[in-house]
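Count the sequence shown with the UniProt record's numbering and you get residues 1 to 319, in order. Virtual Cβ for every residue (Gly too), placed ideally from N, Cα, C.
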Amino acid sequence: MASPLTLPQLEQEEEEEEDDENEELASLFSKETESPPPLFSADPPLFLLPRAAAVRWILRVSSHYGFSALTPVLAVNYLDRFLSGVIYQEDKPWMVQLAAAACLSLAAKVEETHVPLLLDLQVEDAEHVFEAKTVQKMEIMVLSSLDWKMNPVTAISFVDGFAARLGLNRRLHPLHWEMFYARCLASILGFLPDSRFVRYVPSVVAAAAMLEVESSCNGVDYGTQLLSLLHVTKDKVNQCSQTMREVVAVSNSTFRRRHYIGCYGGDAYHCCPHHPGSPIGVIDAAALCCTESSDDDWWGSDTAPVTPPPPHSKKIRVE
């Protein structure tokens, strides 16, 4: 049997662990610097409404298939980077939906073990359903446009990094940690459809989400430490936090009005059928909160889908 560690040995282990966590954060910040937020040519961009509808669709499909929370975050990252480099054509609004389908397919291939067939992926009220070969061509266009850089740093990466550096996963009770992490993910996912999301780098979005969660958690105080880890001003984080709070509040209000459910603690993800701490439960909440029809009127009736929607199949086929 191994002898218990002495106090000096424990202190040395903690120092080594802290060094590793600092290196990991430094690596994340370095990658973030190499990948600035996408800049859209139009002001305001003409495709903001189509983008919002496409992102909400990505969230719904991710919930439908039980994808991890990282999959829709990656898909939206690909979509925003792709859209920032193209000229939007008002007479072809379906192009954003096609790009969204391609980006979600690519993100699923990067992150998921089982990936639905391209036709099966286009569920959850997809306004246009495209042939597999059409989506595949768009996938190649996206890959080429993004220079095949498909593993960007995300807000979820920074939540993981910040939480490890602050020791939150060790300081909090396992159940409290799970709920804390779920709230952070729910805030990030709920923020995705809003066009203002692209204004902020991932570290700021992650910090804003964590500060929002801190404000609703008793006995958890890490705001000052968290802000000291950032490479931006406190005002920038507060601005993002305020925007996120507005977006999520509207989403939660919409959820309550439509589903007539009193959400425990005021957070929609508590009402999900899945365990709130699970990726599926978090995405369910974001998808439900972001399900709106008023912004979907931009779809033109003259853009005919290539194929009819496939019948729903509970069994996911692997492409």
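query = Leaving out the 5 sequence neighbours to the left and right, which residues in its chain are closer than 7 Å to residue 25 when beta-carbon positions are compared?
reply = The answer, listed in chain order, is 161, 165 and 229.
Let me know if residue 242 comes out buried or exposed under the rule of 16 or more other beta-carbons within 10 Å of its beta-carbon.
-> By the 10 Å Cβ count, residue 242 comes out exposed.
Practice item. List in chain order: all unbroken alpha helix (DSSP H) runs of 4+ residues lying wholly within the UniProt domain "Cyclin-like" (56 to 144). Key: Segments of the alpha helix (DSSP H) lying fully in the UniProt domain "Cyclin-like" (56 to 144): 70 to 83, 94 to 111 and 118 to 121.
Around the Cβ of residue 249, are there at least 16 other Cβ atoms within 10 angstroms (buried) or fewer (exposed)?
-> Counting every other CB atom within 10 Å of its CB across the protein chains shown gives residue 249 a total below 16, marking it as exposed.
For residue 116 and residue 142, I'd like the C-alpha separation in whole angstroms.
In this model, residue 116 and residue 142 are separated by some 19 Å (Cα to Cα).
Q | residue 270 in three-state terms, based on DSSP | A | Any reading at residue 270 is ruled out, since the residue's pLDDT is 36, under 50, leaving its predicted position unreliable.
### Inter-residue Cα distance where the pair is residue 130 and residue 103
A direct Cα-to-Cα measurement between residue 130 and residue 103 gives close to 14 Å.
Contact belief for residue 188 with residue 73 at Cβ below 8 Å, rounded distance in angstroms:
About 7 Å separates the two Cβ atoms, so the contact holds.
Starting from the C-beta of residue 132, find all residues in its chain whose C-beta is less than 8 Å away, skip the five residues before and the five after it, and write them out in chain order. These residues qualify, in order along the chain: 117, 118 and 119.
Distance, Cα to Cα, residue 167 vs residue 87?
Separation of residue 167 and residue 87 (C-alpha to C-alpha, rounded to the nearest whole angstrom) is 45 Å.
Practice problem: From the DSSP output, in three-state form, read off residue 151 for me. | Solution: Residue 151 falls in the coil class under three-state DSSP.
Subject >> DSSP three-state assignment for residue 38, whether helix, strand or coil >> reply: Coil at residue 38, not helix or strand.
- Query: Between residue 163 and residue 210, what straight-line distance do the alpha-carbon atoms span, to the nearest angstrom?
  - Reply: One alpha carbon belongs to residue 163, the other to residue 210, and they sit about 9 Å apart.
Exposed or buried, residue 221, counting other C-beta atoms within 10 Å across all chains shown (16 or more means buried)?
By the 10 Å Cβ count, residue 221 comes out exposed.
Would residue 238 and residue 152 qualify as a contact pair, given that the criterion is a beta-carbon distance under 8 Å?
Cβ atoms of residue 238 and residue 152: not closer than 8 Å.
> Under the three-state reduction of DSSP, which class applies to residue 25: helix, strand or coil?
Replying inline: The answer is helix: DSSP assigns residue 25 an H, G or I state.
Compute the Euclidean distance between the alpha carbons of residue 84 and residue 38, then round it to the nearest angstrom. Rounded to whole angstroms, the gap between the alpha carbons of residue 84 and residue 38 is 6 Å.
_C-alpha gap between residue 214 and residue 205, whole angstroms_ = Computed Cα separation, rounded: 14 Å.
Using the C-alpha atoms, what's the distance from residue 145 back to residue 89? Approximately 17 Å, taken between the alpha carbons.
### Task
Compute the Euclidean distance between the alpha carbons of residue 265 and residue 122, then round it to the nearest angstrom.
Residue placement at residue 265 is poorly supported in this model, since its pLDDT is 31, which falls under 50; the coordinates still yield a value, given next. Taking the straight line joining both Cα atoms gives about 34 Å.
Check whether the Cβ atoms of residue 80 and residue 201 lie closer than 8 Å to each other. Cβ atoms of residue 80 and residue 201: not closer than 8 Å.
- Would you kindly report the start and end of the unbroken alpha helix (DSSP H) that includes residue 181? Counting along the chain, the alpha helix (DSSP H) containing residue 181 begins and ends at 174 to 191.
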